[in-house]
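J.: Residue numbers (the working numbering): 17 to 295. Heads up, the beta-carbon is just placed ideally off N, CA and C, and yes, glycines get one too. Everything numeric in this text was worked out from a predicted model, so none of it was measured.
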Amino acid sequence: MEGYRTFLSLLACSLLLGFLGVLFALVWVFHWREGLSWDGGLAEFNWHPVLMVAGFIFIQGIAITVYRLPWTWNCSKLLMKFIHAGLHCIALILVVVSVVAVFDFHNAKNIPNMYSLHSWVGLTLVILYAMQILFGFLVYLLPFAPVSLRTSLMPLHTFSGIFIFGAVIATALMGFTEKLIFALKNPSYSTSPPEAIFVNTLGILILLFGGFVLWMVTRPQWKRPQELISKFQPSTGATPDCTEEVSTATACSNDDKSDVEFNSEAAARRRKLDEAGQR
Numbered sequence: 017m018e019g020y021r022t023f024l025s026l027l028a029c030s031l032l033l034g035f036l037g038v039l040f041a042l043v044w045v046f047h048w049r050e051g052l053s054w055d056g057g058l059a060e061f062n063w064h065p066v067l068m069v070a071g072f073i074f075i076q077g078i079a080i081t082v083y084r085l086p087w088t089w090n091c092s093k094l095l096m097k098f099i100h101a102g103l104h105c106i107a108l109i110l111v112v113v114s115v116v117a118v119f120d121f122h123n124a125k126n127i128p129n130m131y132s133l134h135s136w137v138g139l140t141l142v143i144l145y146a147m148q149i150l151f152g153f154l155v156y157l158l159p160f161a162p163v164s165l166r167t168s169l170m171p172l173h174t175f176s177g178i179f180i181f182g183a184v185i186a187t188a189l190m191g192f193t194e195k196l197i198f199a200l201k202n203p204s205y206s207t208s209p210p211e212a213i214f215v216n217t218l219g220i221l222i223l224l225f226g227g228f229v230l231w232m233v234t235r236p237q238w239k240r241p242q243e244l245i246s247k248f249q250p251s252t253g254a255t256p257d258c259t260e261e262v263s264t265a266t267a268c269s270n271d272d273k274s275d276v277e278f279n280s281e282a283a284a285r286r287r288k289l290d291e292a293g294q295r
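The structure is reproduced here in structure tokens:
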């Protein structure tokens with residue numbers, strides 16, 4: 017990998033920032049916001065920020081970067097797809113629980129639902145994320161979709177994954193601000209009490225985490241090397257499956273280089289598929 021040490025440094029920083037983000041969310045709700053429970057009270061609402069940071073931001077960020085890890089490049093493509101999809105599914109489960117907690121808390125306290133920009137954008141992203149996972153499962157994990165369809169949809173699939181991840185972080189920042197404005201009355205948010213400073217720091221942590229993740233997954237020098245793609249392509253002349261889940265670039269698998277490498281028409285077709293399946 018070109019810039020291997022730089023990649024490892026960014027990866028380590030992103031993991032540290034993501035872990036600190038989850039830790040800060042837990043400290044916030046236990047130190048200032050009555051902890052966690054499921055009783056219709058404020059402690060039930062607190063599941064929302066904790067699970068959103070842990071699932072929708074941290075775990076989704078890890079799922080996006082798994083194909084960029086160089087020590088996975090020789091792993092089975094199918095195994096990496098299952099790991100990638102499994103992480104996204106775990107994140108979705110946590111997100112759904114966090115949304116249920118908010119609605120349950122609002123209903124118990126007779127607070128209107130879905131009136132703020134944060135709630136509008138947030139629920140939209142949850143729906144888009146679920147659709148993205150379903151789309152990836154049907155098109156890229158199951159073996160039924162034709163390669164032409166996978167190739168043509170890959171740019172949209174990749175863009176939508178990156179867009180959802182970035183938009184989730186922006187929505188979380190809106191949610192932090194909204195919560196602090198509502199919750200801090202005496203002293204008010206504008207006077208920068210310790211809780212406000214702590215949660216603002218949490219926002220900076222997840223913003224930096226998202227920046228590191230997006231930088232790693234959009235650098236062309238950190239794609240799976242083309243020689244590995246050729247090495248793992250089928251030598252039977254079958255059309256390679258050069259597709260991948262959200263925001264990642266899967267490699268087409270085959271066992272060795274074959275004589276078809278010297279056929280110009282086949283090589284051109286392979287390069288076209290490789291470009292469609294790699295970010």
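Taking its Cβ as the centre, do 16 or more other Cβ atoms sit within 10 Å of Ala292, making it buried, or is it exposed?
T.: Position 276 of the sequence shown, counted from the first residue, corresponds to residue 292. Caution is warranted here: a pLDDT of 47 is assigned to Ala292, below 50, making its placement in the model unreliable, and the coordinate value is therefore given only provisionally. Per the 10 Å Cβ criterion, buried.
J.: Once DSSP output is grouped into helix, strand and coil, what is the label at Lys125?
T.: Here residue 125 refers to the residue found at position 109 of the sequence shown. Here Lys125 sits in coil by DSSP.
J.: Would you report the Cα separation of Ser274 and Leu223, rounded to the nearest angstrom?
T.: What you label residue 274 is simply residue 258 of the sequence shown in a count that begins at 1. What you label residue 223 is simply residue 207 of the sequence shown in a count that begins at 1. Because the pLDDT of Ser274 is 36, which lies under 50, any placement of that residue in the model is unreliable, and the number read from its coordinates should be weighed accordingly. The straight-line gap from Cα to Cα measures roughly 46 Å.
J.: Pick helix, strand or coil for Lys201, following the three-state DSSP scheme.
T.: Locating residue 201 in the sequence shown gives position 185, counting from the first residue. In the structure shown, Lys201 sits in a strand (DSSP, three-state: E or B).
J.: Determine whether the beta carbon atoms of Gly51 and Val45 lie at a separation below 8 Å.
T.: As a position in the sequence shown, residue 51 is number 35, starting the count at 1. As a position in the sequence shown, residue 45 is number 29, starting the count at 1. In this structure, Val45 lies closer than 8 Å to Gly51 by Cβ.
J.: Given a cut-off of 8 Å, decide if His122 and Met190 are closer than it, judged by their beta-carbon atoms.
T.: Your numbering for residue 190 matches position 174 in the sequence shown. Your numbering for residue 122 matches position 106 in the sequence shown. The answer is no: Cβ separation not under 8 Å.
J.: Quick one, are the C-beta atoms of Gly226 and Gly77 less than 8 Å apart?
T.: Along the sequence shown, read from residue 1 onward, the residue named residue 226 stands at position 210. Along the sequence shown, read from residue 1 onward, the residue named residue 77 stands at position 61. A contact, by the Cβ cut-off of 8 Å.
J.: To which residues of the same chain is Tyr205 closer than 6 Å at the C-beta, ignoring the five residues directly before and after it?
T.: The residue labelled residue 205 in the question sits at position 189 within the sequence shown. Excluding positions up to five away in sequence, the list reads Leu196, Ile197, Ala212.
J.: Between the beta-carbon of Val233 and the beta-carbon of Thr81, is there less than 8 Å?
T.: Counting from one through the sequence shown, the residue named residue 233 turns up at place 217. Counting from one through the sequence shown, the residue named residue 81 turns up at place 65. Yes, the Cβ-Cβ distance between Val233 and Thr81 is below 8 Å.
J.: Should Glu18 be labelled buried (16 or more other beta-carbon atoms within 10 Å of its own) or exposed?
T.: Within the sequence shown, numbered from 1, the residue matching residue 18 stands at position 2. Glu18 comes out exposed.
J.: Is the beta carbon of Gly177 less than 8 Å from the beta carbon of Ala101?
T.: As a first step, residue 177 is located in the sequence shown; it is residue number 161 there, counting from the start. As a first step, residue 101 is located in the sequence shown; it is residue number 85 there, counting from the start. Contact flag unset, no.
J.: Secondary structure at Val52, three-state DSSP: helix, strand or coil?
T.: As a working note, residue 52 is residue 36 in the sequence shown. Before going further, note that residue 52 is Leu rather than Val in the sequence given. In the structure shown, Leu52 sits in coil (DSSP, three-state: anything other than H, G, I, E or B).
J.: Can you check whether the CB of Met68 is closer than 8 Å to the CB of Ser132?
T.: Numbered from 1 along the sequence shown, position 116 holds the residue referred to as residue 132. Numbered from 1 along the sequence shown, position 52 holds the residue referred to as residue 68. No; because the gap between Cβ atoms is not below 8 Å, this pair is not in contact.
J.: Does the Cβ-Cβ distance between Gly56 and Val111 come in under 8 Å?
T.: Here residue 56 corresponds to residue number 40 of the sequence shown, with the count starting at 1. Here residue 111 corresponds to residue number 95 of the sequence shown, with the count starting at 1. Result no, Cβ atoms of Gly56 and Val111 do not sit closer than 8 Å.
J.: Since Val307 contacts Phe192 with CB under 8 Å, what's their CB separation in whole angstroms?
T.: Residue 307 lies beyond the residue range present for the chain, which begins at 17 and ends at 295; the question has no answer from this structure.
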